[in-house]
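>
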Amino acid sequence: MPRLFFLICLVTGAFTVASFLGCGQSAKNIDPELVATHRTRLTLTEEPDGAQVVPEVRNALLGIEEEHDSHEHDHGDHDEHADHDDHDHEADQDHADHDDDESDQDEAEDDEDDGDEDGDDEDEADGDDGDEDEDDEDGDDDEDEEADDDTEHADHEDHADHEHEGEHAHEHADHEEHEHEEVVVVKATKPMNVVLVGQIGGLTNPWQETQPDFPFARNEASFFLSDPQSVAENEESGHVHADGEECAFCAAHAADRSSMLAMVRFLDEKGNVLPMDARQLFDVKEKDTVVVRGTARVIEGGMMVVEADGLYIRR
Numbered sequence: 003m004p005r006l007f008f009l010i011c012l013v014t015g016a017f018t019v020a021s022f023l024g025c026g027q028s029a030k031n032i033d034p035e036l037v038a039t040h041r042t043r044l045t046l047t048e049e050p051d052g053a054q055v056v057p058e059v060r061n062a063l064l065g066i067e068e069e070h071d072s073h074e075h076d077h078g079d080h081d082e083h084a085d086h087d088d089h090d091h092e093a094d095q096d097h098a099d100h101d102d103d104e105s106d107q108d109e110a111e112d113d114e115d116d117g118d119e120d121g122d123d124e125d126e127a128d129g130d131d132g133d134e135d136e137d138d139e140d141g142d143d144d145e146d147e148e149a150d151d152d153t154e155h156a157d158h159e160d161h162a163d164h165e166h167e168g169e170h171a172h173e174h175a176d177h178e179e180h181e182h183e184e185v186v187v188v189k190a191t192k193p194m195n196v197v198l199v200g201q202i203g204g205l206t207n208p209w210q211e212t213q214p215d216f217p218f219a220r221n222e223a224s225f226f227l228s229d230p231q232s233v234a235e236n237e238e239s240g241h242v243h244a245d246g247e248e249c250a251f252c253a254a255h256a257a258d259r260s261s262m263l264a265m266v267r268f269l270d271e272k273g274n275v276l277p278m279d280a281r282q283l284f285d286v287k288e289k290d291t292v293v294v295r296g297t298a299r300v301i302e303g304g305m306m307v308v309e310a311d312g313l314y315i316r317r
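For the numbering used here, add 2 to where a residue sits in the sequence shown, where the first one is 1.
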């Protein structure tokens, strides 16, 4: 009898615990009236003006990428001008060498003419004078050969100098290009009021470990907004995959897309992220185009975060 009573109490207690756990789980569900209240407060009836995309807002906050691009452009023009000057210098050098060759040829022809005149005079002179004239002609030929050798040697040295200058300029350009490729450390920025337009998701998740539910967050009113042009380019390239099925190429280049994304969060009156899924709050899904209004900033590490106080959905 006591054993039977103990079994009855055990079964009753088990049902009580199960019932309590069930009530606890249902208590975690957000009250529909509370969801409706926040939806009314945050949903915009008209699209705000002056919407910008993620890269534009990011550049405005950091002020780094636009200045860097402009510097690269100016540097490219400078290199092109330098290459043009080197080309003109080489052309002038070739022209000068050509003039030197023509001058040497004219001198050689003058020497031959002088030799012919001396030969005519030799017919009237004695044999000894003829021998002396032949020696003079041999000396002139030797001098011409030495002059040609000197000219060829000078041309070779000039060509070597041009090759050395070209190699030095190429190494200098490579060094400057390497400096431009240095990674810029992104620091936190001051907040700025923005109106941002984009698509929810649409790009590969760059934060697999910290954001496993990308582009949404479980039980949080937040999502990731993408640059529409980047999404379109990604779709045109054929790299569109289901969740968790990204190819090796997309996974390897996911970090490159992080600057095309912004985390959008919706806060309560106390400044905390609303503890409700954005899909439930706004009835949105991935690749929906939305316009958000709020305060944007770049946090330490480079992620852009927008604390939104309004959302407009383009239907």
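Quick reminder that beta carbons are idealized off the backbone N, C-alpha and C, glycines included.
1. State the beta-bridge partners of Phe268 as determined by DSSP.
2. Take Glu302 as the anchor and find which of Lys192, Gly203 and Gly65 has the nearest alpha-carbon.
3. Rounding to the nearest angstrom, what Cα-Cα distance links Val188 and Val56 in this structure?
4. Given a threshold of 16 other Cβ atoms within 10 Å of its Cβ, counted over all protein chains shown, does Gly65 qualify as buried or as exposed?
5. Within its chain, find whatever has a CB closer than 6 Å to the CB of Thr291; leave out the 5 residues flanking it on each side and keep chain order.
6. One question on the structure: do Phe226 and Ala264 come within less than 8 Å of each other, judged by their Cβ atoms?
7. DSSP on Gln231, reduced to helix/strand/coil?
8. At the level of alpha carbons, what is the spacing between Thr297 and Glu35?
9. Under a Cβ-count criterion, where at least 16 other Cβ atoms within 10 Å of its own Cβ denotes burial, should Thr42 be classed as buried or exposed?
10. By how many angstroms is the C-alpha of Glu49 removed from the C-alpha of Val294?
11. Residues in the same chain with beta-carbon distance under 7 Å from His40, minus the five sequence neighbours each way, listed in chain order, please.
12. Considering only heavy atoms of the ligand FAD, does any lie closer than 7 Å to the CB of Arg259?
13. Would you mind reading off the limits of the beta strand (DSSP E) that contains Arg299?
14. When DSSP builds the beta bridges, which residues end up paired with Gly200?
15. On the three-state DSSP scale, how would you describe Ser260?
By the coordinates alone:
1. Ala310
2. Lys192
3. 16 Å
4. exposed
5. Gln201 and Arg316
6. yes
7. helix
8. 27 Å
9. exposed
10. 9 Å
11. Leu276 and Leu283
12. Ligands in the displayed structure: none, and consequently the ligand FAD is not present.
13. Thr291 to Val300
14. Val292
15. helix
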